[in-house]
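If you read the sequence shown in the numbering used here, its first letter stands for residue 122, the second for the next number, and so on. Cβ coordinates follow ideal geometry from the N, Cα and C atoms, glycine included. Since we're looking at a predicted model, the values are computed, not measured. Take a look at the structure below.
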Amino acid sequence: IFLYLFFRKSDDFEPLIKEKLTGLVSKASNGLYILRVESIEIDVLASTISATNVSLTPDSARMLVLDKNFALPDDIYSGTFKRLDITGISPTDFINAKDISVGDIIINEPDITITHKKRNYNTPDTGNFYNRIAPKNESYAINKLLLKNIQLLHNNLDKKQSSQLKNLTAVLEDIKIDSSSVHDSTRFLFAKEASMFLKNYSTTTANKLYNFTIDSIALKPQQGSLLAKNVKLQPIGTKDEFRTKVEFKQDRFDIFFDEAIFKQVDWWNLIGNEGIFADSVYLKAGHINVY
Numbered sequence: 122i123f124l125y126l127f128f129r130k131s132d133d134f135e136p137l138i139k140e141k142l143t144g145l146v147s148k149a150s151n152g153l154y155i156l157r158v159e160s161i162e163i164d165v166l167a168s169t170i171s172a173t174n175v176s177l178t179p180d181s182a183r184m185l186v187l188d189k190n191f192a193l194p195d196d197i198y199s200g201t202f203k204r205l206d207i208t209g210i211s212p213t214d215f216i217n218a219k220d221i222s223v224g225d226i227i228i229n230e231p232d233i234t235i236t237h238k239k240r241n242y243n244t245p246d247t248g249n250f251y252n253r254i255a256p257k258n259e260s261y262a263i264n265k266l267l268l269k270n271i272q273l274l275h276n277n278l279d280k281k282q283s284s285q286l287k288n289l290t291a292v293l294e295d296i297k298i299d300s301s302s303v304h305d306s307t308r309f310l311f312a313k314e315a316s317m318f319l320k321n322y323s324t325t326t327a328n329k330l331y332n333f334t335i336d337s338i339a340l341k342p343q344q345g346s347l348l349a350k351n352v353k354l355q356p357i358g359t360k361d362e363f364r365t366k367v368e369f370k371q372d373r374f375d376i377f378f379d380e381a382i383f384k385q386v387d388w389w390n391l392i393g394n395e396g397i398f399a400d401s402v403y404l405k406a407g408h409i410n411v412y
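Structure, rendered in structure tokens:
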């Protein structure tokens, strides 16, 4: 039995697992997305499955059909990642089980692109998503989903602008997709706990007068809270150089804060680089110089 599991595991299970994964993605997205997996490594004895060189791409022909039927979402995703590891599940459970429960899923270095275009016919409805992936009332549970070192590109077609985030990490814990959790307002993307972390964020203001940098950002989407460390707005160039860049006299700012704590943040606008929208902010220790 040991020799069979050691030598035959990938040959016997890999095609079935690929078929299950691609079918699940197609069903969940109403045929919008195509999943491709180069290879799958299986350790039956340790109950782990690993996939390498995975890609998710939208089907352009299906996009036209969905748009014509007023069913195309505002945000279209595409992405690639080098490796995906699933622990705490056997291949036979994954293939045959109606109710799938796994330990941890770790995705390394995903390169994700989000293309946004507002479509007036869209309304949020998580119920449709659940009905597509679980027509027979199946349930899915994940202890923890970890996405490490995300490279995120956001294209806003409405505003004709793009933004990019690097070194982003996302952790979603206690994920449950079933008939009860689909309408649970306390969950974020079906997760009981969710966190996002970003290091070394930097951008240049639209007028090209300032560099805006943050050493680290911790975001709790469910709570709408954001903690930023070492927040800086620094003018580009000297005072004389600044003066030559502006048509009329205006204030020149140099701002620094040790911490900035935002409450009720619109996290989607933040990721889309459309600015920070929040109900309140607490600024701790710093300076503001106005020239």
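Taking DSSP's pairing of strands, which residues face residue i in a bridge?
{"i": "valine 158", "result": "Val175"}
{"i": "serine 260", "result": "Asp220"}
{"i": "leucine 268", "result": "Ile228 and Ala291"}
{"i": "histidine 427", "result": "Any answer about residue 427 is impossible in this case: the structure gives the chain only from 122 up to 412."}
{"i": "isoleucine 210", "result": "Partner(s): none; isoleucine 210 has no beta bridge."}
{"i": "alanine 339", "result": "Phe318 and Leu348"}
{"i": "serine 199", "result": "Thr234"}
{"i": "aspartate 164", "result": "Thr169"}
{"i": "isoleucine 298", "result": "Tyr261"}
{"i": "glycine 144", "result": "DSSP, once it has assigned bridges, lists no residue as partnering glycine 144."}
Which residues mark the beginning and the end of the alpha helix (DSSP H) in which residue i is found?
{"i": "alanine 182", "result": "181–189"}
{"i": "phenylalanine 363", "result": "360–366"}
Return the residue from the list the options that minimises the CA-CA distance to residue i.
{"i": "serine 283", "options": "Gly358, Gly407, Thr359 and Asn390", "result": "Asn390"}
{"i": "leucine 156", "options": "Ser346, Thr201, Ile226 and Leu193", "result": "Thr201"}
{"i": "lysine 139", "options": "Leu205, Ser323, Leu166 and Gln371", "result": "Leu205"}
{"i": "lysine 281", "options": "Lys239, Asn264 and Ser199", "result": "Lys239"}
{"i": "asparagine 351", "options": "Asp372, Lys370, Leu340 and Phe378", "result": "Phe378"}
{"i": "serine 176", "options": "Leu185, Ser160 and Gln385", "result": "Ser160"}
{"i": "threonine 178", "options": "Thr234, Lys384, Asp279 and Ser302", "result": "Thr234"}
{"i": "asparagine 270", "options": "Ile228, Ala399, Glu162 and Asn151", "result": "Ile228"}
{"i": "lysine 370", "options": "Glu314, Tyr412 and Gly144", "result": "Tyr412"}
{"i": "alanine 381", "options": "Ile263, Ser168 and Ala399", "result": "Ala399"}
{"i": "isoleucine 450", "options": "Ile221, Thr290, Met317 and Asn241", "result": "The requested residue 450 does not occur in the structure, where the chain is confined to residues 122 to 412."}
{"i": "isoleucine 210", "options": "Arg373, Asn264, Asn190 and Asn151", "result": "Asn264"}
{"i": "threonine 325", "options": "Met184, Gly358, Lys384 and Val223", "result": "Gly358"}
{"i": "histidine 275", "options": "Tyr198, Asn151, Asp372 and Ser168", "result": "Tyr198"}
{"i": "isoleucine 376", "options": "Lys366, Lys384 and Lys405", "result": "Lys405"}
{"i": "isoleucine 226", "options": "Asn241, Ala291, Ala192 and Val186", "result": "Ala291"}
{"i": "isoleucine 207", "options": "Ala315, Ala262, Asn241 and Asp305", "result": "Ala262"}
{"i": "leucine 319", "options": "Ser401, Asp336, Thr365 and Ala172", "result": "Asp336"}
{"i": "asparagine 328", "options": "Pro356, Val402, Gln385 and Met317", "result": "Pro356"}
CA-CA distance, residue i and residue j?
{"i": "isoleucine 338", "j": "glycine 407", "result": "17 Å"}
{"i": "lysine 90", "j": "proline 342", "result": "Residue 90 cannot be examined here, being either before or after the span of the chain that is shown, 122 to 412."}
{"i": "aspartate 387", "j": "leucine 166", "result": "44 Å"}
{"i": "leucine 354", "j": "asparagine 288", "result": "21 Å"}
{"i": "lysine 360", "j": "asparagine 332", "result": "15 Å"}
{"i": "glycine 345", "j": "glutamate 162", "result": "38 Å"}
{"i": "glutamate 135", "j": "serine 302", "result": "31 Å"}
{"i": "glutamate 294", "j": "asparagine 410", "result": "42 Å"}
{"i": "asparagine 190", "j": "asparagine 243", "result": "11 Å"}
{"i": "threonine 143", "j": "tyrosine 154", "result": "9 Å"}
{"i": "glycine 224", "j": "serine 147", "result": "23 Å"}
{"i": "phenylalanine 363", "j": "leucine 185", "result": "48 Å"}
{"i": "glutamate 368", "j": "phenylalanine 374", "result": "17 Å"}
{"i": "alanine 182", "j": "alanine 149", "result": "17 Å"}
{"i": "proline 194", "j": "threonine 365", "result": "45 Å"}
{"i": "phenylalanine 383", "j": "aspartate 164", "result": "44 Å"}
{"i": "serine 300", "j": "lysine 313", "result": "15 Å"}
{"i": "serine 401", "j": "alanine 192", "result": "36 Å"}
For the beta strand (DSSP E) holding residue i, just list the boundary residues, first then last.
{"i": "aspartate 232", "result": "232–237"}
{"i": "alanine 399", "result": "Looking at the DSSP string, alanine 399 is not in any beta strand (DSSP E), and its letter there is neither H nor E."}
{"i": "tyrosine 412", "result": "Per DSSP, tyrosine 412 belongs to no beta strand (DSSP E) and is neither H nor E."}
{"i": "aspartate 379", "result": "374–384"}
Assuming residue i contacts residue j (C-beta within less than 8 Å), just tell me the rounded distance between them.
{"i": "proline 231", "j": "leucine 268", "result": "6 Å"}
{"i": "histidine 237", "j": "aspartate 180", "result": "Their Cβ separation, rounded to whole angstroms, is 18 Å, which puts histidine 237 and aspartate 180 out of contact at 8 Å."}
{"i": "leucine 273", "j": "leucine 286", "result": "4 Å"}
{"i": "leucine 347", "j": "leucine 340", "result": "5 Å"}
{"i": "isoleucine 323", "j": "threonine 334", "result": "Reading off the sequence, residue 323 comes out as serine, not isoleucine. Going by Cβ atoms, the distance from serine 323 to threonine 334 rounds to 4 Å, so yes, they are a contact pair."}
{"i": "asparagine 241", "j": "leucine 187", "result": "Contact doesn't hold; Cβ gap of about 15 Å is too wide."}
{"i": "lysine 203", "j": "threonine 169", "result": "About 17 Å separates the two Cβ atoms, so there is no contact after all."}
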